[in-house]
Amino acid sequence: MAGKRILIVSTSFDKIGTSDEPTGLWIEELAAPYYIFKEAGAHVDVASIKGGRVPIDPNSLGDGAVTEHVKRYHEDLELKKALEKSKTIKEFTGKYDAVFVPGGHGIVFDGPNDKDLIAFVEKIWSEGGVVGSVCHGPAALVNVHAPNGEPIVKGRKVAGFSNSEEEAVGKTKYVPFLLEDKLKELGGLYESGPDWQPFAVADGKLVLGQNPASSPEVAKLVLAAI
Numbered sequence: 000m001a002g003k004r005i006l007i008v009s010t011s012f013d014k015i016g017t018s019d020e021p022t023g024l025w026i027e028e029l030a031a032p033y034y035i036f037k038e039a040g041a042h043v044d045v046a047s048i049k050g051g052r053v054p055i056d057p058n059s060l061g062d063g064a065v066t067e068h069v070k071r072y073h074e075d076l077e078l079k080k081a082l083e084k085s086k087t088i089k090e091f092t093g094k095y096d097a098v099f100v101p102g103g104h105g106i107v108f109d110g111p112n113d114k115d116l117i118a119f120v121e122k123i124w125s126e127g128g129v130v131g132s133v134c135h136g137p138a139a140l141v142n143v144h145a146p147n148g149e150p151i152v153k154g155r156k157v158a159g160f161s162n163s164e165e166e167a168v169g170k171t172k173y174v175p176f177l178l179e180d181k182l183k184e185l186g187g188l189y190e191s192g193p194d195w196q197p198f199a200v201a202d203g204k205l206v207l208g209q210n211p212a213s214s215p216e217v218a219k220l221v222l223a224a225i
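Shown next, in the form of structure tokens:
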């Protein structure tokens with residue numbers, strides 16, 4: 000894996016829609032892939048949609064959400080700095096072998112229509128690179144198209160935060176669309192496991208996972224697909 004380059008792209012959105020409820024990146028969904036990629040020998044860069052401080056969902060820092068990867072993040076001054084003073088996608092040049100979009104509710108709001116993110120993912124895809132994402136992250140792929148003009152999820156196995164999980168966290172009426180429904184609408188062959196349990200699927204160069212617990216498995220499948 001030495002010499003392989005992966006760009007992780009985070010949301011910059013910090014509120015649930017127009018409410019005052021804080022959201023942003025779900026830190027496990029960035030931390031787990033980040034460390035798994037690096038331990039495999041890949042070069043990993045971290046960007047965000049707007050640059051600057053990446054908002055982190057406070058719920059992802061709570062006791063029930065703290066995994067070994069999150070604990071490692073808390074001690075990692077280098078990664079913390081990368082998230083505090085993140086660069087935009089345009090600031091990263093050269094060829095990347097994969098792009099990875101972590102979730103958190105923020106990405107549902109700023110990911111789907113961000114032209115820079117769409118263009119970057121489409122470039123990776125057209126060059127035969129890997130597109131990976133987890134939980135709400137696949138929301139950033141709903142307007143991404145293959146060179147033939149079709150959605151990259153069309154006709155492929157996909158996963159993402161399920162309708163039942165969205166209902167369980169009480170955000171159904173706040174998000175612009177339900178990810179499970181949207182992926183199906185675009186022609187994706189949606190699959191899921193039990194709520195909150197690890198579940199990930201790889202279909203060629205597209206690798207997606209269902210929820211925060213799926214982050215390590217998605218990362219491993221991304222490495223296998225590169």
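Numbering that gives the first Met the number 0 applies: residue 0 is where the sequence shown begins, and numbers increase by one.
Note that the Cβ used here is the ideal one computed from N, Cα and C, for glycine as well.
Output yes or no for whether 8 Å exceeds the beta carbon distance between Leu185 and Ala199.
Cβ atoms of Leu185 and Ala199: not closer than 8 Å.
Using a Cβ-Cβ cutoff of less than 8 Å, which residues in the same chain neighbour Val157 once the five nearest sequence positions on both sides are dropped?
Closer than 8 Å at the Cβ level, and outside the excluded window around Val157, lie Pro137, Leu182, Gly187, Leu188, Tyr189, Glu190, Val200, Asp202, Leu205 and Leu207.
Between which two residues does the beta strand (DSSP E) harbouring His135 extend?
Per DSSP, His135 belongs to no beta strand (DSSP E) and is neither H nor E.
Look up Pro57 in the DSSP assignment and say whether it is helix, strand or coil.
Three-state result, Pro57: helix.
Could you check if Gly148 is buried or exposed, using at least 16 other CB atoms within 10 Å of its CB as the buried criterion?
Around the beta carbon of Gly148, fewer than 16 other beta carbons sit within 10 angstroms, so the residue counts as exposed.
Please identify the residue among Ile7, Val168 and Lys153 whose C-alpha is closest to the C-alpha of Phe91.
Answer by Cα proximity: Ile7.
Quick one: give me the first and last residue of the beta strand (DSSP E) that Val200 is part of.
Residues Ala199 to Asp202.
Do three or more CB pairs link the region 15 to 35 to the region 45 to 63 at distances below 8 Å?
Touching, yes, given that three or more Cβ pairs across the two stretches are closer than 8 Å.
Please report the residue range of the beta strand (DSSP E) in which Arg4 lies.
Going by DSSP, Arg4 is part of the beta strand (DSSP E) stretching over Arg4 to Ser9.
For Leu220, report the span of its beta strand (DSSP E) as first-last.
Where Leu220 is concerned, there is no enclosing beta strand (DSSP E), although the alpha helix (DSSP H) it sits in stretches over Ser214 to Ala224.
Could you check whether Asp115 and Lys153 sit closer than 8 Å to each other, using their CB atoms as the reference points?
Between Lys153 and Asp115, the C-beta spacing is not below 8 Å.
Local Cβ density within 10 Å of Pro176, reported as buried at 16 or more and exposed below that
Position check: residue 176 holds Phe in this sequence, whereas Pro was assumed. Result: exposed.
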